[in-house]
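Chemist:
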Amino acid sequence: AQTVTQSQPEMSVQEAETVTLSCTYDTSESDYYLFWYKQPPSRQMILVIRQEAYKQQNATENRFSVNFQKAAKSFSLKISDSQLGDAAMYFCAYRKLGNTGKLIFGQGTTLQVKP
Amino acid sequence: EAGVTQFPSHSVIEKGQTVTLRCDPISGHDNLYWYRRVMGKEIKFLLHFVKESKQDESGMPNNRFLAERTGGTYSTLKVQPAELEDSGVYFCASSQGLMEYFGPGTRLTVL
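The following block contains the structure:
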């Protein structure tokens, strides 16, 4: 069975600095998707970034980028130039290849951004 | 375009009572998912509808949970009778393709 592990329950970063959130996963599949979701205090979860495992290039979305290490089964999220609005709970998630199917989530990391 | 909506936002009930949660997906989305997060733990999948059919209900914890999606539009998740361990946040998500859109969740407290 696939599992996702986030070993950092809480992280903090100074505004304008860079922070990296860790995520590891376990799967026997060779192709799959990995996601980072953000859940602000208002509770609606939104997609931050997506990585297809068959793509070697790390995904980037503005200030958010990932370090995808397929062999190590590691998928960390880097947030550059942190802003107060980045404060939220971040979830790493895995899905098998295909357009539908369940997401398997990690435990979440609460990110605090200090002014 | 309206997003995924869930009702109620909060529910407090006593052990043994029944609660029904509702999810309205984004219009036109065939896929509807239910997840829940028990305090401090990871978000866990409950089940997946494709239109009105249950595609995957492997995450349903026991037969006290009943999900329906009549007509392939909104979905309900009924817990009967509720137990203390059912407390948590219940999320609904819908998709028509790779990206899932989540609702704000229903926080269920069973006393």
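From first to last, the protein sequence lines stand for chains A and B. With the first letter of the first sequence counted as 1, position 66 gets the number 707 in the working numbering; the numbers rise by one all the way through. With the first letter of the second sequence counted as 1, position 36 gets the number 43 in the working numbering; the numbers rise by one all the way through. Using N, Cα and C, we set each Cβ at its ideal position, and we do this for glycine too.
1) Going by CA-CA distance only, name the one from A/690, A/680, A/713 that's closest to residue 703 of chain A.
2) Answer yes or no: does any C-beta atom of chain A fall closer than 8 Å to that of residue 72 of chain B?
3) If the cut is a Cβ gap below 7 Å, which residues of chain B does residue 747 of chain A touch?
4) Does any CB atom of chain A fall closer than 8 Å to the CB of residue 84 of chain B?
5) Examine chain A for any beta-carbon lying closer than 8 Å to the beta-carbon of residue 63 of chain B, and answer yes or no.
6) Quick check on residue 727 of chain A: does DSSP put it in helix, strand or coil?
7) Taking the beta strand (DSSP E) that residue 12 of chain B belongs to, which residues open and close that run?
8) For residue 91 of chain B, does the three-state DSSP call read helix, strand or coil?
9) Which residues of chain A have a Cβ atom closer than 9 Å to the Cβ of residue 17 of chain B, listed in chain order?
10) Could you tell me the alpha carbon to alpha carbon distance between residue 752 of chain A and residue 47 of chain B, rounded to whole angstroms?
11) What residues of chain B sit near residue 668 of chain A, judged by a beta carbon separation below 9 Å?
12) Which residues in chain B have a C-beta closer than 8 Å to the C-beta of residue 741 of chain A? List them in chain order.
13) Since residue 10 of chain B and residue 740 of chain A should fall inside the 8 Å C-beta cutoff, what is the C-beta to C-beta distance between them, to a whole number of angstroms?
14) Spell out a yes or no on whether the region 664-672 of chain A and the region 96-111 of chain B are touching, meaning 3 or more CB-CB pairs, one atom from each, closer than 8 Å.
15) Taking the alpha carbon of residue 646 of chain A as the reference point, which residue from A/727, A/726, A/684, A/745 has its own alpha carbon closest?
16) Report the residues of the region 683-711 of chain A with a CB closer than 8 Å to any CB of chain B, ordered along the chain.
Modeler: Well, looking at it:
1) That would be A/690, whose Cα lies nearest to the Cα of residue 703 of chain A.
2) False, the Cβ-Cβ gap to chain A never drops below 8 Å.
3) Those within 7 Å of residue 747 of chain A in chain B are 49.
4) At a cut-off of 8 Å, the C-beta of residue 84 of chain B has no neighbouring C-beta in chain A.
5) Yes - at least one Cβ of chain A is within 8 Å of the one on residue 63 of chain B.
6) It is helical.
7) Bounds of the beta strand (DSSP E) holding residue 12 of chain B are 12-14.
8) Here residue 91 of chain B carries a helix assignment [DSSP, helix/strand/coil].
9) Those do not exist, as residue 17 of chain B stays about 11 Å from chain A at its closest Cβ, beyond 9 Å.
10) Cα atoms of residue 752 of chain A and residue 47 of chain B: separation of roughly 15 Å, rounded to the nearest angstrom.
11) Here the premise fails: no neighbours, minimum Cβ distance about 15 Å.
12) Within 8 Å Cβ-Cβ: 38, 55, 57, 62, 102.
13) Their Cβ separation, rounded to whole angstroms, is 20 Å, which puts residue 10 of chain B and residue 740 of chain A out of contact at 8 Å.
14) Contact fails: fewer than three Cβ-Cβ distances are below 8 Å.
15) For residue 646 of chain A, the closest alpha carbon among the candidates A/727, A/726, A/684, A/745 is that of A/745.
16) Result list: 683, 684, 685, 686, 687, 688, 691.
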